[in-house]
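Data block below; observations after.
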Amino acid sequence: MPSADRALPGAASRLSKHLERAAPSAAASRKRGRSGAGGGDAPAEKAARAVLRAFPSRVLASQPTASLVPELLVGFEPVGRYVAALSERFGHIADFCADPAGGFPAVGVRWRPAAFVPTPLRPATAHAVVEVAPGLVLPNLPQALAEMELLGQGLVAQAVAL
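Note that the UniProt record's numbering numbers the sequence shown so that position 62 is 62, with each residue one more than the last.
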């Protein structure tokens, strides 16, 4: 069995093909169509979406494949970790998904309809809200996208609202 720190014969060409396809596998896509905990009070589903453009190809193009082989981290899934971090921090207002095969170089963001119903201010969500009435808040989407981009620093090239 080869050790993890040595390349296999012919592995450079296989690695090159793999790296050209894009990023490592990501967490499985969440099921679409679920609404948050709000029930019948939630407004009709909005077409509000966002895409976090990621995985800059210039990182791979900046070094020859042979120099990337020693740096290969087996089992390290930065996209999966990023999607998990997004879900942990912003799961109350959005669902996140990424292509596990790396074919689409972006992380999808689907806003939950229940997030657009004014709710009382909670300290855990105060980092990305705007007050709409005394004691009632809504998500501040530009601020949330900026924080998502900052959380993915080095992985996310741009946060785009669609």
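We put the CB at the ideal spot given by N, CA and C, even for glycine. Keep in mind the model is a prediction, meaning the values are calculated, not measured.
CA-to-CA distance, residue j to residue i, given in whole angstroms
| i | j | result |
| --- | --- | --- |
| A161 | F76 | 29 angstroms |
| N140 | P70 | 43 angstroms |
| P100 | G80 | 8 angstroms |
| T119 | L138 | 7 angstroms |
| V109 | C97 | 7 angstroms |
| R124 | F116 | Just to set this straight, residue 124 is Ala in the shown sequence, not Arg. In a straight line, the C-alpha of A124 is about 17 angstroms away from that of F116. |
| A159 | E131 | 24 angstroms |
| P134 | F90 | 23 angstroms |
| L121 | H127 | 11 angstroms |
| Y82 | G152 | 7 angstroms |
| V51 | P78 | 17 angstroms |
| V74 | A66 | 16 angstroms |
| A144 | A157 | 16 angstroms |
| G103 | L136 | 41 angstroms |
Nearest residue (CA-CA) to residue i, options the options
| i | options | result |
| --- | --- | --- |
| H92 | A98, P78, P113 | P113 |
| P111 | G102, D95, P134 | A small correction: the amino acid at residue 111 is Trp; Pro does not occupy that position in the sequence shown. Selected option, being the one with the closest Cα: D95. |
| L155 | V107, A133, G135 | V107 |
| P142 | V129, Y82, G102 | V129 |
Contact belief for residue i with residue j at Cβ below 8 angstroms, rounded distance in angstroms
| i | j | result |
| --- | --- | --- |
| R49 | P105 | At roughly 16 angstroms, the Cβ-Cβ gap does not stay under 8 angstroms, so R49 and P105 are not in contact. |
Residues bridged to residue i (per DSSP)
| i | result |
| --- | --- |
| D95 | R110 |
| Q158 | R53 |
| L138 | V130 |
| P120 | L136 |
Closer than 9 angstroms to chain C by CB, residue i
| i | result |
| --- | --- |
| A94 | In summary, chain C is missing from the structure at hand, where a single protein chain is found. |
(message) Using 8 angstroms as the cut-off, can you tell me whether the region 81 to 89 makes contact with the region 133 to 151, which would need three or more C-beta pairs spanning the two stretches below that distance?
(response) Yes, since at least three Cβ pairs between the region 81 to 89 and the region 133 to 151 fall closer than 8 angstroms, the two stretches touch.
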